[in-house]
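A short worksheet on the structure shown next.
2 protein chains.
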Amino acid sequence: MFPYTALAHPNIAFVKYWGNRDNGLRLPANGSISMNLEGLVTRTTVRFDASLPAERVNINGKIAGNAAHQRVVSLVDEVRLMARINHFAWVESENNFPSGAGIASSAAAFAALALAAAKAARLDLDEAALSRLARHGSGSACRSIPGGFVEWAAGTGDTDSYAVSIASPEYWNLVDCIVVISTDPKPTGSSEGHALAGTSPLQSARVDDAPRRLDICRNAILNRDFAAFAEIVEEDSSLMHAVMMTSHPPLYYWQPATLAVMQAVRAARAKGMPVCYTIDAGSNVHAICTGASVGETAKLLGSITGVREVRLSNVGGPARLVENPTTNPYEI
Amino acid sequence: MFPYTALAHPNIAFVKYWGNRDNGLRLPANGSISMNLEGLVTRTTVRFDASLPAERVNINGKIAGNAAHQRVVSLVDEVRLMARINHFAWVESENNFPSGAGIASSAAAFAALALAAAKAARLDLDEAALSRLARHGSGSACRSIPGGFVEWAAGTGDTDSYAVSIASPEYWNLVDCIVVISTDPKPTGSSEGHALAGTSPLQSARVDDAPRRLDICRNAILNRDFAAFAEIVEEDSSLMHAVMMTSHPPLYYWQPATLAVMQAVRAARAKGMPVCYTIDAGSNVHAICTGASVGETAKLLGSITGVREVRLSNVGGPARLVENPTTNPYEI
Chain A
373 MFPYTALAHP
383 NIAFVKYWGN
393 RDNGLRLPAN
403 GSISMNLEGL
413 VTRTTVRFDA
423 SLPAERVNIN
433 GKIAGNAAHQ
443 RVVSLVDEVR
453 LMARINHFAW
463 VESENNFPSG
473 AGIASSAAAF
483 AALALAAAKA
493 ARLDLDEAAL
503 SRLARHGSGS
513 ACRSIPGGFV
523 EWAAGTGDTD
533 SYAVSIASPE
543 YWNLVDCIVV
553 ISTDPKPTGS
563 SEGHALAGTS
573 PLQSARVDDA
583 PRRLDICRNA
593 ILNRDFAAFA
603 EIVEEDSSLM
613 HAVMMTSHPP
623 LYYWQPATLA
633 VMQAVRAARA
643 KGMPVCYTID
653 AGSNVHAICT
663 GASVGETAKL
673 LGSITGVREV
683 RLSNVGGPAR
693 LVENPTTNPY
703 EI
Chain B
373 MFPYTALAHP
383 NIAFVKYWGN
393 RDNGLRLPAN
403 GSISMNLEGL
413 VTRTTVRFDA
423 SLPAERVNIN
433 GKIAGNAAHQ
443 RVVSLVDEVR
453 LMARINHFAW
463 VESENNFPSG
473 AGIASSAAAF
483 AALALAAAKA
493 ARLDLDEAAL
503 SRLARHGSGS
513 ACRSIPGGFV
523 EWAAGTGDTD
533 SYAVSIASPE
543 YWNLVDCIVV
553 ISTDPKPTGS
563 SEGHALAGTS
573 PLQSARVDDA
583 PRRLDICRNA
593 ILNRDFAAFA
603 EIVEEDSSLM
613 HAVMMTSHPP
623 LYYWQPATLA
633 VMQAVRAARA
643 KGMPVCYTID
653 AGSNVHAICT
663 GASVGETAKL
673 LGSITGVREV
683 RLSNVGGPAR
693 LVENPTTNPY
703 EI
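If you're matching them up, the sequences are chains A and B in order.
So the mapping is simple: the numbering used here equals the position in the first sequence, first residue as 1, plus 372.
So the mapping is simple: the numbering used here equals the position in the second sequence, first residue as 1, plus 372.
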């Protein structure tokens with residue numbers, strides 16, 4: 373069977389996903405909204421091959437570790453079941469950005485894997501089905517299937533919990549200035565973190581309040597209202613970190629430089645600069661600004677002590693197939 | 373009428389007071405537990421004098437500003453009403469520590485004022501009545517009336533919302549290492565902050581969970597169980613800051629150095645040092661350790677970049693009268 377290669381972007385959430393109603397199915401405690409990050413990309417090739425003696429999973433040029441291997445195989449198993457095939461798969465995945473440092477590498481990885489594996493198995497899945505499939509690998513991966521600005525409905529069960537685009541990449545010229553503070557792997561991975569969310573006395577309140585935040589954020593995007601957007605994005609980020617810091621055991625992701633960037637961003641916005649921040653399960657800060665203010669914003673951020681690098685990313689498109697003229701995924 | 377002089381200590385809360393059920397009466401949203409800080413003291417002299425043409429309020433050698441003047445006069449009015457006198461008062465108050473920098477200066481100030489004013493008006497109030505009176509000036513001041521480790525019951529109304537000692541200063545040899553990061557006045561005062569607490573989507577959850585935290589904290593103190601104490605104290609501090617950061621508008625008190633101290637304290641405890649932290653409405657960190665580990669703790673804290681000073685304080689006694697041989701509060 374022919375190999376297929378898919379590209380997908382990670383995404384940065386403005387209303388965050390944190391905690392599951394169902395850990396196995398990765399049904400989220402609350403809906404979320406994100407944008408795809410054009411500048412960052414995962415490229416994944418999948419080939420089902422009757423001659424393979426075992427599953428082969430390579431990530432960034434190395435044989436995948438046990439945990440990553442198992443997560444990939446689980447998704448591939450689901451595809452095989454749907455396609456009624458039983459060949460082993462070659463999976464080759466590469467990122468152009470560091471893993472495990474607050475840039476959601478698993479989102480892009482499982483979105484690209486879902487698309488490439490489905491196609492390689494000759495399944496004809498629509499966007500919603502691909503989004504659901506990606507969700508099974510990593511919750512936020514479902515948001516990396518559609519393009520632009522994306523909303524993932526919490527849904528009532530497996531079938532209606534998937535992501536849809538609410539605005540195209542061109543709709544609003546926002547830029548994510550990814551302020552890299554540390555590229556060390558984060559101390560607690562997201563899957564473990566999601567499982568702890570319910571131990572915080574604050575998680576229920578955060579979840580109950582989510583419909584309000586989703587409405588405000590969606591409307592702010594549709595109205596291109598930066599002031600309203602900035603306020604809800606920062607509030608939502610604080611809400612997630614509030615839950616993290618009060619979980620049992622607590623999870624702390626902020627570094628002193630994280631806080632310095634947060635302060636600098638708030639101070640700049642108070643002076644009229646259209647910039648706000650959001651922080652995932654890591655120490656890096658995503659400073660979101662308008663295209664017109666990206667030069668000024670990047671300069672400010674780069675001058676802060678403890679900042680290693682600022683990577684810029686425009687709004688990205690959907691997960692998509694790329695031409696793959698070879699039959700060997702190792703030669704892409 | 374003779375002047376009376378009272379001393380009172382500020383206190384550091386282990387289960388925090390944040391938000392009121394009644395802003396006027398300062399009836400708290402939840403109960404709280406604290407210890408008095410022996411090393412810090414406010415000394416306040418009050419004299420009611422028929423010859424005074426107006427109220428005179430001096431704080432730290434200067435005429436009090438309008439807002440502070442009004443808060444003092446409100447409490448003095450309450451005392452005059454109870455004592456059925458109508459002379460103006462001279463109030464002279466001095467702290468041996470900076471105001472408005474995360475060390476609760478108003479708690480010690482209103483505790484000392486309540487005691488000195490009641491006595492100067494020849495009222496004979498018991499500890500509960502003094503604690504309630506102090507509460508009317510500043511909520512947490514009610515906890516600076518009794519000695520040692522203190523619990524303030526939220527109560528059902530004005531009459532049963534006051535603080536009592538749950539253990540004497542000698543009961544457990546804890547030390548508060550006050551890590552001074554900034555002595556700038558905080559951006560938002562506590563009274564304003566309390567009024568904003570209810571605007572956070574997290575405040576109800578924090579309040580609803582308070583009985584659990586009070587039980588754990590009280591038992592940890594009574595059992596001198598540092599591990600249980602450390603965990604609940606840090607959790608409670610995070611819960612309050614979670615509410616602050618998600619209020620409308622949000623309140624941010626942490627500085628990068630605040631976070632650096634938090635990390636260092638957690639790392640030291642993970643290695644077996646009996647130390648934990650709590651942070652009030654300011655950037656300073658209160659690192660609580662046992663008497664036996666104070667040398668090691670102070671050394672560690674003093675070595676952190678951004679730390680200006682570490683002040684040590686043992687557990688303090690109750691608010692108390694001091695001899696005042698003069699009739700002029702300006703000569704104390």
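Each residue gets a CB set at the ideal place from its N, CA and C atoms; glycine is no exception.
Since we're looking at a predicted model, the values are computed, not measured.
{"Query": "Residue-level contact to chain A via CB, S609 (chain B), 7 Å cutoff", "Result": "no"}
{"Query": "Cutoff 8 Å; reference R590 (chain B); Cβ partners in own chain excluding five residues on either side", "Result": "I405, E523 and I538"}
{"Query": "E681 (chain B) versus R641 (chain B): straight-line alpha-carbon distance, rounded", "Result": "21 Å"}
{"Query": "Euclidean distance between Cα positions of L502 (chain B) and L485 (chain B)", "Result": "10 Å"}
{"Query": "Proximity test, Cβ basis, 7 Å: A378 (chain A) and chain B", "Result": "no"}
{"Query": "Top-ranked residue by Cα proximity to V637 (chain B), from B:D652, B:L672, B:E607 and B:L505", "Result": "B:L672"}
{"Query": "Euclidean distance between Cα positions of G688 (chain B) and E542 (chain B)", "Result": "9 Å"}
{"Query": "DSSP-derived helix/strand/coil call for N430 (chain A)", "Result": "strand"}
{"Query": "CA-to-CA distance, W462 (chain A) to R419 (chain A), given in whole angstroms", "Result": "5 Å"}
{"Query": "Own chain, CB closer than 6 Å to H566 (chain B), minus 5 neighbours either side, in chain order", "Result": "G391 and N392"}
{"Query": "A390 (chain A) at chain B interface by Cβ criterion, 7 Å", "Result": "Per the sequence shown, the amino acid found at residue 390 (chain A) is Trp instead of Ala. For W390 (chain A), the answer is no, since every Cβ of chain B falls outside 7 Å of its Cβ."}
{"Query": "Close-in-space but distant-in-sequence residues of the same chain around A483 (chain B) (CB under 6 Å, 5 per side omitted)", "Result": "A380, A506, A513, S516, I517 and A691"}
{"Query": "Continuous beta strand (DSSP E) assignments of at least 3 residues falling wholly in the region 478-526 of chain B", "Result": "521-524"}
{"Query": "V536 (chain A) versus E499 (chain A): straight-line alpha-carbon distance, rounded", "Result": "8 Å"}
{"Query": "Counted within 10 angstroms of its Cβ, other Cβ atoms place I475 (chain B) as buried (16 or more) or exposed", "Result": "buried"}
{"Query": "Under 9 Å (Cβ pairs) to chain A, residues found in the region 649-668 of chain B", "Result": "none"}
{"Query": "Cβ of A385 (chain B) within 7 Å of any chain A Cβ", "Result": "no"}
{"Query": "Chain A residues whose Cβ lies nearer than 8 Å to that of T618 (chain B)", "Result": "E607, S610, L611 and A614"}
{"Query": "Test: W524 (chain A) CB closer than 7 Å to a CB of chain B", "Result": "no"}
{"Query": "Assigned exposure category for N438 (chain B) - 16 Cβ within 10 Å defines buried", "Result": "exposed"}
{"Query": "Residue interval of the beta strand (DSSP E) (run including R398 (chain A))", "Result": "R398 (chain A) -> no beta strand (DSSP E), and no H or E assigned at all."}
{"Query": "Rounded separation between N361 (chain A) and P375 (chain B) - CA only", "Result": "Any property of residue 361 (chain A) remains undetermined from this structure, which presents chain A solely from 373 to 704."}
{"Query": "Beta-carbon proximity check, I550 (chain B) vs A493 (chain B), cutoff 7 Å", "Result": "no"}
{"Query": "Start and end residues, beta strand (DSSP E) containing I475 (chain A)", "Result": "Per DSSP, I475 (chain A) belongs to no beta strand (DSSP E) and is neither H nor E."}
{"Query": "For G709 (chain A), the nearest candidate out of A:V547, A:I604 and A:A599 (CA to CA)", "Result": "Since the first and last residues shown for chain A are 373 and 704, residue 709 (chain A) lies out of range."}
{"Query": "Listed by chain order, chain A residues near S675 (chain B) by CB distance under 8 Å", "Result": "Going along chain A, no residue has its Cβ under 8 Å from S675 (chain B), so there is no contact; the nearest lies around 15 Å."}
{"Query": "Boundaries of the beta strand (DSSP E) in which S406 (chain A) is found, first to last residue", "Result": "S404 to N408"}
{"Query": "For D496 (chain B) and A325 (chain B), the rounded distance between their alpha carbons", "Result": "Given a span of 373 to 704 for chain B in the structure shown, any question on residue 325 (chain B) remains unanswerable."}
{"Query": "Length of the line joining the Cα atoms of L447 (chain B) and D394 (chain B)", "Result": "17 Å"}
{"Query": "Proximity test, Cβ basis, 7 Å: D498 (chain B) and chain A", "Result": "no"}
{"Query": "C-beta contact flag for S619 (chain A) and L568 (chain A) at 7 Å", "Result": "yes"}
{"Query": "Endpoints, alpha helix (DSSP H) assigned at E681 (chain B)", "Result": "Per DSSP, E681 (chain B) belongs to no alpha helix (DSSP H); it is in the beta strand (DSSP E), E681 to S685."}
{"Query": "Minimum Cβ-Cβ distance from D581 (chain A) to chain B less than 7 Å", "Result": "yes"}
{"Query": "7 Å Cβ cut-off: residues of chain A touching S533 (chain B)", "Result": "Going along chain A, no residue has its Cβ under 7 Å from S533 (chain B), so there is no contact; the nearest lies around 23 Å."}
{"Query": "Chain B contact for L568 (chain A) (CB, 7 Å cutoff)", "Result": "no"}
{"Query": "Chain C residues whose Cβ lies nearer than 8 Å to that of A440 (chain A)", "Result": "In the structure shown, chain C does not exist; the protein chains are A and B."}
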